[in-house]
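First residue of the sequence shown: 39, per my numbering; consecutive thereafter. Positions of the beta carbon are idealized from the N, C-alpha and C atoms, including for glycine. Take a look at the structure set out below.
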Amino acid sequence: MKRTDTVYNSSPSGYRNIQEGLKHLEDKLTAQFHFKVQELEEKYDKQIRIMKEAIIQHEIEINRLKKVEELSKIEKEEAVKIKEDMEHLKLICNKWRIFSNNSDSVLGQTEDESSVIDHDTLQRTRKDEKEQIYGGDRGKVKRLLLGTAAPTTKSTVAFYVYLSHSETKIGPHHTLLFDHIETNVGNSYNKHTGAFIASMGGVYLFSYTVFSERHGYGSFEIVVNSASRGSIFVENSGSQSVYTGTTGVAVLLLNKGDACTIRTHSTYGSTGTIRSDELMRTTFSGVIVGHMM
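Set out below in C-alpha cells:
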C-alpha cells in the first residue's frame, strides 16, 4: 500500500503566505461584520421611527375621541337646558293668557255694576300684573328671545423645551425628542414622543432653533399631523472651527388634538451632529396667541 504524506512549506515565504491569507480573511470578516452592524442599525432605526409615528397617531386618535366625548357631553347639557327653557316659556305663556283674560274681564265691567274704573287705574292694574307675571324673569325672557353669547373661558398654552445633549447619526424623517422641559403650561408637550398636542383650537406661534457641529448640515421641518408646514436649513460645512444655527418661526392655525413636531427632512439626508449643550441649545417652543370662538 502506497503512503502519501502532506509536506508543509516551512520556509519564510510560506509563513508569509499564511499570514497574508489570515490577514485577508480577517479583513474580509471585519468588513462583513461592520456591514451587518450597519444594516441592523438602519433596520432598527427604521422600526423605531415607525413606532414613534404610530405613537403620535395613537395620541391624535385619543385626543379626537376625547373631543367627540366632550362634544357629546356638551350637546346633552344643551338639550337639557333647552328643555328647561321651553318649560319656562310655557309657564310664562300660561301666565300671560291668565293676564289677558283678567284684563278683558276688567274692561267688560260697566258703570251699572258700580265698578267704574277710570283709565289711569286700569293702566296701573296692567302694569302691576305684568310685574307679577314676569318679575325677575323679564331679563331671562329677553335672553331667550334675542339670544346672548355664551361666556368664553380663555386659557394659556405655552411651552419651551430643548435637547439636553447633542445627537449624532441623524437620518431622514427623524423626529427630534426635546427631552428637557423648561416650560409646559397646559401640559400639551410630550417629551417621549417630541410632539406638542393642541389642547384647544386656535392660532399658535412656534419657534425652533437647530445648531450643527462643524462639517455638518441638514434640513429640518416643522410638522403638523405628519404634514410639513415649514422648514429651515442648517449649514456648517466650512473648514473653520465655527458653529452655526438656524431659527424658524411659524404661525399656524391648529384644531384641538393636532400634533406638532420637529423632524429632519423626509427625503434630504442630514450629515454630522446636532449640537445642544450649555453654550448653545437646540430648542422648540410655542404659545397660543388667539383662541377659536
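- Nearest in C-alpha terms to L317, of all of Y200, L103, Q95, is Y200.
- DSSP places T299 within a strand segment (E or B) once states are collapsed to three.
- Look at R313 here: in three-state DSSP terms it is strand.
- Two segments are said to touch when three or more pairs of C-beta atoms, one from each, lie closer than 8 Å; by this definition the region 216-231 does not touch the region 250-264.
- The three-state secondary structure of R252, taken from DSSP, is coil.
- Assigned with DSSP and collapsed to three states, F216 falls in coil, not helix or strand.
- If the five residues before and after T321 are omitted, its C-beta is found closer than 6 Å to the C-beta atoms of Y200, T247, all from its own chain and listed in chain order.
- For A288, the enclosing beta strand (DSSP E) has its first and last residue at 282-292.
- For G324, the enclosing beta strand (DSSP E) begins and ends at 321-329.
- DSSP, reduced to helix, strand and coil, places G268 within a strand of the structure shown.
- DSSP places V199 in the uninterrupted beta strand (DSSP E) bounded by 196-200.
- Remark: C-beta atoms of G268 and H329 do not approach each other more closely than 8 Å.
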